[in-house]
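Following: one structure in structure tokens, then a few remarks.
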Ligand code: SF4
């Protein structure tokens, strides 16, 4: 008996010890009860100790699959290795050399579908918190007032104009400035950032983050020409005369209408307008009148719908309800956004679709007629098709409806340039090199793809920058 006990002990000691994978370090957050009273950032960021512990979970894979999942091609194991060595600023700069918006992407990228979705650790355990680590080092560099300066080739005398100052244009500029080009970014508003600035609420992406990361580009020589709308303040033709190549990165800012009776009533608003009005007040001290109501309904189930609902929760409304035509499992919003909305008290009315909007005697919205839905066979998106249940219509009391069913390309820009080819939805058509049908004119980001992720726009912008460089090098 004693012998066999001893044998077991020896066997155990001689077996190679398995690596113990510690649980993922959760991101510290503001308490839901507190955070719905303010617009401060919900995520509080890792401490140095948390970042070091989480960085140790990375296996430093020789063939890292996480990088395969990053559209910006960030060298993930290398930046994590620098964290382990406590070289936080070097780590941030390594990321910045591949992705000019590390703090933005650390906050808003759907990492669960990208880098973290590919992390080998995720097959058995929780993946490495790559996004949280990127957030930590980017903030460390920002708080240390460190500025990334890229290695630049000597000026080559060629000039490129970027139209729009969203992530695609910022990526183009960051790549071309390294190659010795002069890059000017044209922005119609008085601050840069495009969808980052006006489309993402401050509690998810504070303005100072966007400001710092666009300032890095300015420090590297990129010029921002603000309050200048191409097609109004300067013509596209003038740009073509002035620059050797043009990049169009204007995003997809056109609201998709519901096409329902009563949609034009006072009290029915588009998500992009709502988010912009609130963000201007919160971040830039504007005095916009924000549409309010007692019972707010948000139509849609994507991230923009969650953004509107969570923004509305921070304003004085009695109830905030998401109305979505499918079930919770099919919602396109990030799981974390849905969870945060639930924690903050947003009501979810699922398998429900609006039918019409009803006004009071003053022409202001007072009710919305909805219909119950059931799920049928999968449609072209692969999700079960929502089918209205006949005779199931009923009335919801609501005095503010926010339409967050999606955005598409604004056709007005391309229609002012008759020779520029677009598809039937108004998206600019490009070839594999992101080149439009007009020589020397390139495009990427949401205006080409419709709304995708910030990092997808960065990936598109980087690809366009390579093509612009190739095109101008051959001239
Ligand atoms: Fe580290 Fe995961 Fe990337 Fe491997 S796949 S290097 S574990 S982050």
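Residue numbers (our numbering): 4 to 478. Glycine included, C-beta positions come from ideal geometry on N, C-alpha and C.
For this session: Assign residue 402 to one of two classes, buried (16 or more other C-beta atoms within 10 Å of its C-beta) or exposed (fewer than that).
Result: Here residue 402 is taken as the residue at index 399 of the chain shown, counted from 1. Burial call: buried.
For this session: Could you round the C-beta distance between residue 460 and residue 171 to whole angstroms and report it? I think they count as a contact, below 8 angstroms.
Result: Position 457 of the chain shown holds residue 460. Position 168 of the chain shown holds residue 171. Rounded, the Cβ-Cβ distance is 4 angstroms, consistent with contact.
Exercise. Is residue 308 closer than 8 angstroms to residue 336 when the C-beta atoms are compared?
Worked result: By one-based count along the chain shown, residue 336 stands at place 333. By one-based count along the chain shown, residue 308 stands at place 305. A contact, by the Cβ cut-off of 8 angstroms.
Problem set entry | Start-to-end residues for the alpha helix (DSSP H) that takes in residue 2 | There is no way to answer for residue 2, as the model of the chain reaches only from 4 to 478.
Exercise. So does residue 68 have its beta carbon nearer than 7 angstroms to some heavy atom of the ligand SF4?
Worked result: If you number the chain shown from 1, residue 68 lands on position 65. Under cutoff, so the answer is yes.
Exercise. When we look at the beta-carbon of residue 229 and count the other beta-carbons within 10 Å, is it buried (16 or more) or exposed?
Worked result: Indexing the chain shown from 1 puts residue 229 at position 226. So residue 229 counts as exposed.
Exercise. What is the DSSP secondary structure of residue 132, reduced to helix, strand or coil?
Worked result: Here residue 132 is taken as the residue at index 129 of the chain shown, counted from 1. Residue 132: coil per DSSP, three-state reduction.
For this session: To the nearest angstrom, report how far apart residue 378 and residue 354 are at their CA atoms.
Result: Reading the chain shown from its first residue, position 375 is the one you call residue 378. Reading the chain shown from its first residue, position 351 is the one you call residue 354. The alpha-carbon atoms of residue 378 and residue 354 are separated by roughly 8 angstroms.
For this session: Would you check if there are 3 or more beta carbon pairs closer than 8 angstroms linking the stretch 265-277 to the stretch 358-367?
Result: yes
For this session: Please name the residue in 339, 325, 149, 123 whose C-alpha comes closest to that of residue 311.
Result: Position 308 of the chain shown holds residue 311. Here the closest residue by C-alpha is 325.
For this session: Just confirm the distance between the C-beta atoms of residue 2 and residue 169, as a whole number of angstroms; I'd bet it's less than 8 angstroms.
Result: Nothing about residue 2 can be read from this structure; the chain reaches only from 4 to 478.
For this session: Measure from the alpha carbon of residue 473 to the alpha carbon of each residue in 437, 456, 339, then state which is nearest.
Result: Indexing the chain shown from 1 puts residue 473 at position 470. For residue 473, the nearest C-alpha among the options comes from 437.
Exercise. In terms of residues, what are the limits of the alpha helix (DSSP H) holding residue 200?
Worked result: To locate residue 200, count along the chain shown from 1; it is residue 197. Run containing residue 200: 198-202, per the alpha helix (DSSP H) assignment.
For this session: State yes or no: is the C-beta of residue 108 nearer than 7 angstroms to some heavy atom of the ligand ZN?
Result: Absence of the ligand ZN is noted for the structure shown, with the ligand SF4 being the only ligands found.
Exercise. Does the ligand SF4 have a heavy atom nearer than 7 angstroms to the CB of residue 24?
Worked result: By one-based count along the chain shown, residue 24 stands at place 21. No, the beta carbon of residue 24 sits no closer than 7 angstroms to any heavy atom of the ligand SF4.
Exercise. Alpha carbon to alpha carbon, how far is residue 12 from residue 127?
Worked result: For the purposes of this step, residue 12 is taken as residue 9 along the chain shown, with counting starting at 1. For the purposes of this step, residue 127 is taken as residue 124 along the chain shown, with counting starting at 1. Confidence is the limiting factor: at residue 12 the pLDDT is only 48, short of 50, which leaves the residue's position unreliable, though a coordinate-based value still follows. Roughly 28 angstroms separates the two Cα atoms.
Exercise. Between which two residues does the beta strand (DSSP E) harbouring residue 356 extend?
Worked result: For the purposes of this step, residue 356 is identified with residue 353 of the chain shown, where counting begins at 1. Run containing residue 356: 355-362, per the beta strand (DSSP E) assignment.
For this session: Kindly indicate which three-state DSSP category residue 5 falls into: helix, strand or coil?
Result: Within the chain shown, residue 5 is the residue found at index 2, counting from 1. Reliability fails at residue 5, whose pLDDT of 47 lies under 50, so the model's placement of it is uncertain and no value is given.
Exercise. Which residues does DSSP pair with residue 179 in a beta bridge?
Worked result: As a position in the chain shown, residue 179 is number 176, starting the count at 1. Residue 179 pairs with nothing; no bridge assigned.
For this session: Pull up the CB-CB distance for residue 318 and residue 216, whole angstroms please, since I reckon it's below 8 angstroms.
Result: As a first step, residue 318 must be located in the chain shown, where it is residue number 315. As a first step, residue 216 must be located in the chain shown, where it is residue number 213. Between residue 216 and residue 318 the Cβ distance is about 28 angstroms, and since that is not below 8 angstroms, they are no contact.
Problem set entry | Cβ-based neighbour list, residue 80, same chain, cut-off 8 angstroms, excluding 5 preceding and 5 following | For this step, residue 80 is matched to residue 77 along the chain shown. If we look at residue 80 and ignore the five residues flanking it on each side, its Cβ neighbours are 61, 63, 64, 67, 69, 70.
Exercise. Among all the DSSP beta bridges, which residues are the ones paired with residue 295?
Worked result: Stepping through the chain shown from its first residue, residue 295 is reached at position 292. None; residue 295 has no bridge partner.
Exercise. So, using beta-carbon positions, are residue 32 and residue 46 closer together than 8 angstroms?
Worked result: For the purposes of this step, residue 32 is taken as residue 29 along the chain shown, with counting starting at 1. For the purposes of this step, residue 46 is taken as residue 43 along the chain shown, with counting starting at 1. Yes; because the gap between Cβ atoms is below 8 angstroms, this pair is in contact.
Exercise. By the 10 Å Cβ neighbour count, where 16 or more other Cβ atoms means buried, how is residue 366 classified, buried or exposed?
Worked result: Counting from 1 along the chain shown, the entry for residue 366 is found at position 363. Exposed, since its Cβ has fewer than 16 Cβ neighbours within 10 Å.
For this session: Please name the residue or residues paired with residue 164 in a DSSP beta bridge.
Result: Position 161 of the chain shown, counted from the first residue, corresponds to residue 164. Its beta-bridge partners are 187, 249.
Problem set entry | Where residue 109 sits in the DSSP three-state scheme | Start at 1 with the first residue of the chain shown, and residue 109 comes out as number 106. Residue 109: helix per DSSP, three-state reduction.
Problem set entry | Close Cβ partners of residue 15 (< 8 angstroms) along its chain, the five nearest in sequence each way excluded | Counting from 1 along the chain shown, the entry for residue 15 is found at position 12. Reliability fails at residue 15, whose pLDDT of 49 lies under 50, so the model's placement of it is uncertain and the value that follows must be treated cautiously. None.
For this session: With residue 264 as the anchor, note down where its beta strand (DSSP E) starts and where it stops.
Result: Working through the chain shown from its first residue, we reach residue 264 at position 261. Neither: residue 264 is in no beta strand (DSSP E) and is coded neither H nor E.
Exercise. Heavy atom of the ligand SF4 less than 7 angstroms from the Cβ of residue 63, yes or no?
Worked result: Residue mapping note: residue 63 aligns to position 60 of the chain shown, counting from 1. Yes, the Cβ of residue 63 comes within 7 angstroms of a heavy atom of the ligand SF4.
Problem set entry | CB contact check: residue 398 to chain C, cutoff 8 angstroms | Among the chains in the structure shown there is no chain C, since it carries only a single protein chain.
For this session: Output the distance between the C-alpha atoms of residue 252 and residue 23, rounded to the nearest integer angstrom.
Result: The residue given as residue 252 occupies position 249 in the chain shown. The residue given as residue 23 occupies position 20 in the chain shown. So the alpha carbons of these two residues sit roughly 46 angstroms apart.
Exercise. Should residue 133 and residue 114 be called a contact, given that it needs their Cβ atoms to be closer than 8 angstroms?
Worked result: Within the chain shown, residue 133 is the residue found at index 130, counting from 1. Within the chain shown, residue 114 is the residue found at index 111, counting from 1. Closer than 8 angstroms, so yes.
For this session: Consult DSSP for residue 257 and reduce its assignment to one of helix, strand or coil.
Result: By one-based count along the chain shown, residue 257 stands at place 254. Three-state result, residue 257: strand.
Problem set entry | Candidates 341, 291, 26, 376, of which the one nearest residue 388 by Cα | Working through the chain shown from its first residue, we reach residue 388 at position 385. The shortest Cα separation from residue 388 among 341, 291, 26, 376 belongs to 376.
Exercise. For residue 205, which residues from the same chain have a beta carbon less than 7 angstroms from its beta carbon, with the 5 sequence-adjacent residues on both sides left out?
Worked result: Taking the chain shown and counting its residues from 1, the one referred to as residue 205 is at position 202. The answer, listed in chain order, is 42, 282, 285, 286.
Problem set entry | For residue 53, the residue or residues it bridges with in DSSP | Within the chain shown, numbered from 1, the residue matching residue 53 stands at position 50. Residue 53 pairs with nothing; no bridge assigned.
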